[in-house]
Structure formats: structure tokens, C-alpha cells
Amino acid sequence: MTPATWHTREIPLLEAVRAAERTRERPGAKLAIDYRRLGMKFDDFAQTVYDLWPEYLDAELIPRRGRISRVQVYGLTARGRRAIGQWPAGSERLAAALESVADDETRPDRRARLKGLAVDVRAAGPTGAGELLERLAG
0 MTPATWHTRE IPLLEAVRAA ERTRERPGAK LAIDYRRLGM KFDDFAQTVY DLWPEYLDAE
60 LIPRRGRISR VQVYGLTARG RRAIGQWPAG SERLAAALES VADDETRPDR RARLKGLAVD
120 VRAAGPTGAG ELLERLAG
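Taking numbering that gives the first Met the number 0, the leading residue of the sequence shown gets 0, the next gets one more, and so forth.
Quick look at the structure:
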């Protein structure tokens with residue numbers, strides 16, 4: 000996976016997997032992903048699945064004669080869902096929890112501080128929220 004292809008290869012594939020999950024008849028069944036509709040050749044599709052597996056996709060890559068000959072995709076992982084906006088990142092859940100606590104707070108100064116912290120956590124995003132909380136706690 001490379002940043003240069005994230006929006007042209009990886010994200011479209013993750014979105015195609017999500018769409019296929021919605022029409023799957025039984026949980027755990029392999030998904031039918033038409034890589035040609037994504038504008039890919041089989042080798043590019045196999046490489047993209049390989050790049051995304053296992054962090055973003057639950058898949059099986061079947062090798063034959065030194066190359067991937069068959070790809071079976073079973074679904075998205077939690078990280079794959081977050082990548083296409085299907086699940087909120089931990090920082091978003093934390094910010095929402097802080098806002099909820101702030102809404103119940105009776106002291107205006109504490110309410111404002113909690114709301115401000117929620118804004119800071121959102122602005123820091125998934126990678127910076129932990130560092131922000133460490134600085135506040137330490």
C-alpha cells in the first residue's frame with residue numbers, strides 16, 4: 000500500500016468490499032468482488048488485497064507457482080471500516096464521550112473545559128489524541 004494509490008486503489012477496493020458485505024447471504028461467506036469494475040487487472044487486484052491484508056481485509060490469498068493465483072475476500076476488519084468512515088475512530092468516540100459528560104456537568108467552568116477538550120481531541124485525530132491525553136494527564 001502506498002500513499003500515492005490510497006484513493007485510487009485501496010479505498011475503492013475497501014468500498015467495493017463494504018458494498019458486497021451488504022448483499023452477502025450468509026455471514027462468513029466469501030464475497031464476489033469484480034476487480035475489473037474497479038479498473039484493475041487481476042495482478043493489481045491481488046497485490047492490493049495483499050497490501051490491505053490482514054490489517055484492513057479478512058482475505059485468503061492462494062499462491063500457485065510463485066504468484067497469487069486466487070483471492071478470496073471475506074470482509075472488512077475494524078480498521079478497514081474506519082478507513083472508509085464506517086466506524087468512528089477511537090478519538091471520535093472519546094470526543095463524543097467528553098461532550099456527553101460536559102452536557103451533564105452543572106459547573107460552567109468544567110463544562111467549558113470538557114467541551115474544549117473534546118474539540119482538541121477531534122482536532123488531534125486518531126494518531127494525536129493519545130499524545131494529547133498523555134500531556135494532559137502528565
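Think of the CB as a built atom: it goes at the ideal place given N, C-alpha and C, for glycine as much as any other residue.
Keep in mind it's a predicted model, so treat the numbers as computed, not measured.
Just curious, the beta strand (DSSP E) that leucine 140 is in, first and last residue? Coverage of the chain is limited to positions 0 through 137, which leaves residue 140 absent and any answer about it impossible.
Mark phenylalanine 41 as exposed unless 16 or more other C-beta atoms lie within 10 angstroms of its C-beta, in which case mark it buried. exposed
Buried versus exposed, by CB contacts within 10 Å (16 or more), glycine 27: exposed
How would you call leucine 30, buried or exposed, if buried means at least 16 neighbouring beta carbons within 10 angstroms? buried
Taking its Cβ as the centre, do 16 or more other Cβ atoms sit within 10 Å of arginine 8, making it buried, or is it exposed? buried
Leaving out the 5 sequence neighbours to the left and right, which residues in its chain are closer than 7 Å to glutamine 46 when beta-carbon positions are compared? Here glutamine 46 has no same chain residue with a Cβ atom under 7 Å from its own Cβ, once five neighbours each way along the sequence are excluded.
What residue does the beta strand (DSSP E) around proline 62 start on, and which one ends it? 56-63
Would you decide whether isoleucine 32 is buried or exposed? Buried here means 16 or more other CB atoms lie within 10 Å of its CB. buried
With three or more C-beta pairs closer than 8 Å as the rule, is the stretch 68-83 touching the stretch 13-21? yes
Less than 8 Å between the beta carbons of threonine 76 and glutamate 54, yes or no? yes
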